[in-house]
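To convert a position in the sequence shown, counted from 1, into the working numbering, add 148. Please read the structure below before turning to the comments.
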Amino acid sequence: MNFFERQAQARRASTRLVVLFALAVLGIVVAVDLVVLVTIGPRPGALVAATLGTIAVIGLGSLFRIASLGAGGDKVAQQLGGVPVPEDTTDPNLRRLRNVVEEMAIASGVPVPRVYVLEHENAINAFAAGYSPSDAVVAVTRGTLDRLNRDELQGVVAHEFSHILNGDMRLNIRLVGVLFGILMIGIIGRKILWHGRGTRSSGALAVFGLAMVAIVVGSLGVFFGRMIKAGVSRSREVLADASAVQFTRQTQGIAGALKKIGGLESGSRLAHREEAEEVAHMLFGDGIGLSGLFATHPPLLQRIQALEPGFKPEQLTQLQTRWLTTPPDGMQEDVALGLVPAGELPQAGAALALTPPMVAAQVARPHDDDYERAHTLVMSIGDALHDVATHRDAVMPLVLALLFDADAGVRAKQRTEIVGRMGAATATEAEHLRQTHLLDLHPMLRLPLASMAFPVLRRRPRPEIGAFLDSVHAMVHADDHVSLFEYCLGQLLDVQLREALDPARHARFGRRKPGNVKQEFATLLSVVAWAGNPGDRAAAQRAYLAGMQRVLPRDHVPYAPPTRGVLALDDVWEPLDALDPLAKQVLVEAITAAVSHDGQVSVAESELLRTICGVLHCPLPPTLEQLPRR
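In structure tokens, the structure reads:
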């Protein structure tokens, strides 16, 4: 199952969630109506009032919770006591965690998510939350940091990235909001009981009775809620385990993490169970100890044996005995494991080969050497430039510096645009960073560097982000010519930052079919063909036709060079992003066919391909940044 099929499956799961929610509401309404019948008899007015009141309570509760989660993943992490990990942290454990997350993000082609630590949780657990990759957070417990070695941490983080890439986050956060509604009656009952304690008035008995009825009916809501969470999450957890193995190319990491959960007394159960109950379906491991029909995760032993078929239950018992007196230390184990060696980047002018099925298969599904490539990219950026990219005051000048033109006259215009919007100090710092860090930067490091800067950028105040995006737009258009790299960086920043500011607004599953967006297909492919074959209309036409044969083989839409160049893409993003997931797969194959019609892809074309995939929410790993084979 590839990314596009998983997205389609997630959309079907969302539909199933709506159906299950409706059935749960019906069950609660019936229960309330039965209570009314028993207490006051068959009075139609009372039954209608009870029914409408129950639906109103559930509906308003769900809407309230969904609205409270509008800020996305950060809100979920903070509610569980998560503490943000600073981008410039010097703590070895936290630095290791950030490195793993950054490498995973670059390997999978998504913005680097915010990172949180649940400092007061000694169990081994983690979760990813948010509406989209631009809004995602990855949170781990303190126990995860302390007990897991780097390979195991990679396995856990890869599992969470699978949820980011598969559309599970969006489903999970909506599940929190929806289920809150069916728990509302029980919550109201407990509040009434709490506030009515000690009351001795004549109505105290009635209040007590009302509270107890609400609690009993609310228990039905808890039952339905746990059943829904279990039904929705179990299969997604199995998929995430398998994806993590594919991501990291080994089973030892995630299997080792699961063994430590089973072998340590703290396991994966969180100390704050009330908060954990709501997000139990998001967690890496069982956070609250539910089993059977209510289990949100497959049995632990079953998960281990799926990764290591020869693993025996008695081996888990042996680990429990060993670690009872001497719990494992992840950092000490790292010393024994050694460091992953960095590879080499290809030449800046390299032209690389690829095929449409290869690219489509790797969308949100990194494998083989993708993680190693990402590690190489991060190591190639270096500590000094990494520190700049993660420094609050330097991050905006650094990203602006990436857009400075080689021509001195154009740079002067770009500086004026920065000064007018963000001040002379920002412009001067951007020029300084260009001179000291960016003149010799490998072209393949530009977008990864921007990705590493993203977590800091998204935390800036909204007015600053607005001024920054305006400056980016002005710099891109300063010379009335927009290069492929300028457009790619500007578009990615605009889309990802705006989604991070309003995550709930941009979360959706597309349903459009290819036949409804023929002209948008044609525009996109004409831009791709023109960009790869400037000045050669015949070659551009061949590239265009190669793409159209993939996506609309029965339609004749003639090639027309884009009069606005790459800016013509501005008109296609919204309708193409609304495509059905399986239609997006065909689109990605069509783009790849156009880009690679001559059998080779340049660095600029690879950046355009990754940008298109990123804007259409089909994140592409660094497939093109091939490492030399050793």
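Beta carbons: idealized from backbone N, C-alpha and C, even for Gly. Being a predicted model, the structure only gives us computed values, none of them experimental.
Counting the other CB atoms within 10 Å of its CB gives Gly-571 a total below 16, which places it among the exposed residues. Where Val-705 is concerned, there is no enclosing beta strand (DSSP E), because DSSP gives it neither an H nor an E. Shown here, Ala-274 sits in a strand according to DSSP, grouped into three states. Inclusion of Gly-209 and Tyr-279 in the CB contact set at 8 Å is not warranted, their separation being larger than that value. In chain order, Gly-334 place their CB closer than 8 Å to the CB of Ser-367, counting only its own chain and leaving out the 5 sequence neighbours on each side.
Between Val-393 and Pro-446, the gap from beta carbon to beta carbon reaches 8 Å or more.
Going by DSSP, Leu-673 is part of no beta strand (DSSP E) but of the alpha helix (DSSP H) stretching over 666-680.
Thr-289: member of the beta strand (DSSP E) spanning 285-289, first to last residue. Counting other Cβ atoms within 10 Å of its Cβ, Gln-583 stays below 16 and is therefore classed as exposed.
Residue range 262-266 is occupied by the beta strand (DSSP E) that includes Arg-262.
For Val-763, the uninterrupted alpha helix (DSSP H) segment begins and ends at 751-763.
In this structure, DSSP gives Leu-724 a helical state, which the three-state scheme calls helix. Close CB contacts of Gln-644 within its chain, under the 7 Å cut and outside five residues either way in sequence, are with Pro-259, Ser-282, Phe-602 (chain order). Under DSSP, the beta-bridge partners assigned to Val-231 are Val-265. Taking every protein chain shown into account, the CB of Pro-706 has fewer than 16 other CB atoms within 10 angstroms, so this residue is exposed. Here Val-288 is actually not in contact with Met-252; their C-beta atoms are around 13 Å apart, not less than 8 Å. Taking 8 Å as the cut-off, the beta carbon of Ala-362 is found no closer than this to the beta carbon of Ile-330.
Proximity to Val-624 across Asp-618, Lys-408, Glu-634 peaks at Glu-634, based on C-alpha coordinates. For Thr-465, the number of other beta carbons within 10 angstroms of its own is below 16, and it is reported as exposed. Around the Cβ of Arg-384, a 10 Å sphere holds 16 or more other Cβ atoms; the residue is buried.
About 7 Å separates the beta carbon of Gly-404 from that of Asp-299, a gap short enough to meet the 8 Å contact definition.
For Ala-204 and Leu-217, the gap between their C-alpha atoms comes out near 20 Å. Here Ser-674 has Tyr-692, Tyr-707, Ala-708, Pro-709, Pro-710 as same chain residues with Cβ atoms under 7 Å from its own Cβ, once five neighbours each way along the sequence are excluded.
Shown here for Ala-688: same chain residues with a beta carbon closer than 6 Å to its own, the five before and five after excluded, namely Ala-677, Trp-678, Asn-681 in chain order.
For His-420, the CB contacts under 8 Å within the same chain, skipping 5 residues up- and downstream, are Leu-228, Gly-229, His-268, Glu-269 in chain order. If you keep only unbroken alpha helix (DSSP H) runs of at least 4 residues inside the region 600-647, you get 610-624. When the Cα atoms are used, Ala-573 and Val-567 turn out to be separated by approximately 8 Å. Secondary structure of Arg-660 (DSSP, three-state): strand. Counting C-beta pairs closer than 8 Å gives fewer than three between the region 617-632 and the region 526-540, which falls short of the contact rule. Checking the DSSP bridge columns, you'll see Leu-313 has no partner listed. Here DSSP, grouped into helix, strand and coil, assigns Leu-323 to helix.
Distance between Gln-398 and Ala-255, taken at the CA atoms: about 16 Å.
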